[in-house]
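Working notes, structure below.
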Amino acid sequence: MKLEVLKTDGTKSGETVELSKDIFEIEPNDHVLYLAVKAYLANQRQGTHKAKERSEVSGGGKKPWRQKGRGGARAGSTRSPLWVGGGSIFGPKPRDYTQKLNKKVISLARKSALSYKAKANQIIVVEDFNFDTPKTKEFSKILNALHLKGKKTLFLTNGTLENVYKSGRNIERVNILEADKASAYELLNNQILVLQKSAVNLLESTFK
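Under numbering that gives the first Met the number 0, think of the first position of the sequence shown as 0, with each following residue one higher.
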């Protein structure tokens, strides 16, 4: 699959890049994608939720009233789950939500995501660019030139480009990642996938 390389001003550079068929034109595996997305979202959870149970709530050491003779229900503690201020019944406890997938599943999921994006014509390749200092205004100009303003966009860069990242991180609906670190979920969760020209080789090298 060949794609034209665009300049940052939106015009054609005259160059093309060949996208590997083994990565961008495979038959997507939906079940593997489901596993990868589920694991990614589960791994974002902190699992720090906590509710105090009956034994953990302060107070309630004294029996509120005598067992018999009052005509009411018996009670042994003011911290019973049935009382206001009492402990929770089967409340949430801290836990680890981490899900692990083997490398072959992760790799196949990423290939499937890239193949879906290629099939839907949602991939753009632009020439390599960087900034001397963070410049959000310049990054916005690039978005406008590529007709991406307002679209949910993922930029994949060749390695760590700190000034590019800082230039785009405050722009709504724009995410910037290193090409070899994008997960299947992140590759799918956008309207347009933008690859820097040199990032194509970096991305493909992660599957070798």
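Note that the Cβ used here is the ideal one computed from N, Cα and C, for glycine as well.
Exposure of residue i, with buried meaning 16 or more beta-carbon neighbours within 10 Å
i      : result
Leu40  : exposed
Gln98  : exposed
Gln195 : buried
Asn169 : exposed
Thr152 : buried
Ala108 : buried
Phe138 : buried
Gly167 : buried
Ala119 : exposed
Own chain residues within Cβ distance below 8 Å of residue i, not counting five before or after
i      : result
Val56  : Arg78, Gly84, Gly85, Gly86
Ser54  : Gly86
Ser111 : Ile25, Pro27, Asn28, Asp29, Val31, Leu32, Ala183
Thr156 : Val163, Tyr164, Ile175, Leu176, Glu177, Ala178, Gln195, Ala198
Gly90  : Lys49, Ala50, Lys51, Glu52
Arg73  : Gln66, Lys67
Thr159 : Glu177
Nearest residue (CA-CA) to residue i, options the options
i      : options                      : result
Ala35  : Ser204, Leu187, Thr47        : Leu187
Ser76  : Phe138, Glu171, Ile88, Pro63 : Pro63
Leu142 : Lys20, Ile123, Thr132        : Ile123
Val16  : Val125, Gly58, Phe89         : Val125
Leu147 : Val104, Thr135, Leu192       : Leu192
Gly58  : Gly68, Asn42, Trp82, Gln43   : Trp82
Glu171 : Ser19, Glu14, Phe128, Gly149 : Gly149
CB contact check: residue i to chain C, cutoff 7 Å
i      : result
Gln190 : Although the question refers to chain C, the structure presented lacks it and comprises just one protein chain.
Per DSSP, cross-strand counterpart(s) of residue i
i      : result
Leu192 : Ile122, Leu153
Leu2   : Val16
Val173 : Thr152
Lys11  : Leu5
Glu52  : Ser87
Proximal residues to residue i (C-beta, below 7 Å), its chain only, five neighbours per side dropped
i      : result
Phe23  : Met0, Leu113, Ser114, Ala117
Gly46  : Pro93, Arg94, Asp95, Tyr96
Ser213 : Because the chain in this structure spans residues 0 to 207, residue 213 falls outside the shown range and cannot be described.
Phe130 : Glu137, Asn162, Val163, Ser166
Ser19  : Glu203
Neighbourhood of residue i by C-beta, 6 Å cutoff - its chain only, sequence neighbours within 5 removed
i      : result
Thr205 : Asp179
Ala38  : Gln98, Leu100
Leu202 : Ala178
Asp8   : Ala144
Phe154 : Ile175, Val193
Val173 : Thr152, Gly167
Any non-hydrogen atom of the ligand NAP closer than 6 Å to residue i Cβ
i     : result
Ala50 : In the structure shown, the ligand NAP is absent, as is every other ligand, since no ligand is present at all.
Item to check | Complete beta strand (DSSP E) runs within the region 83 to 141 (minimum length 3 residues, chain order) | outcome: 122 to 125
Checklist entry - Residue ranges of each alpha helix (DSSP H) run of no fewer than 4 residues wholly in the region 27 to 52, ordered along the chain? => result 29 to 42
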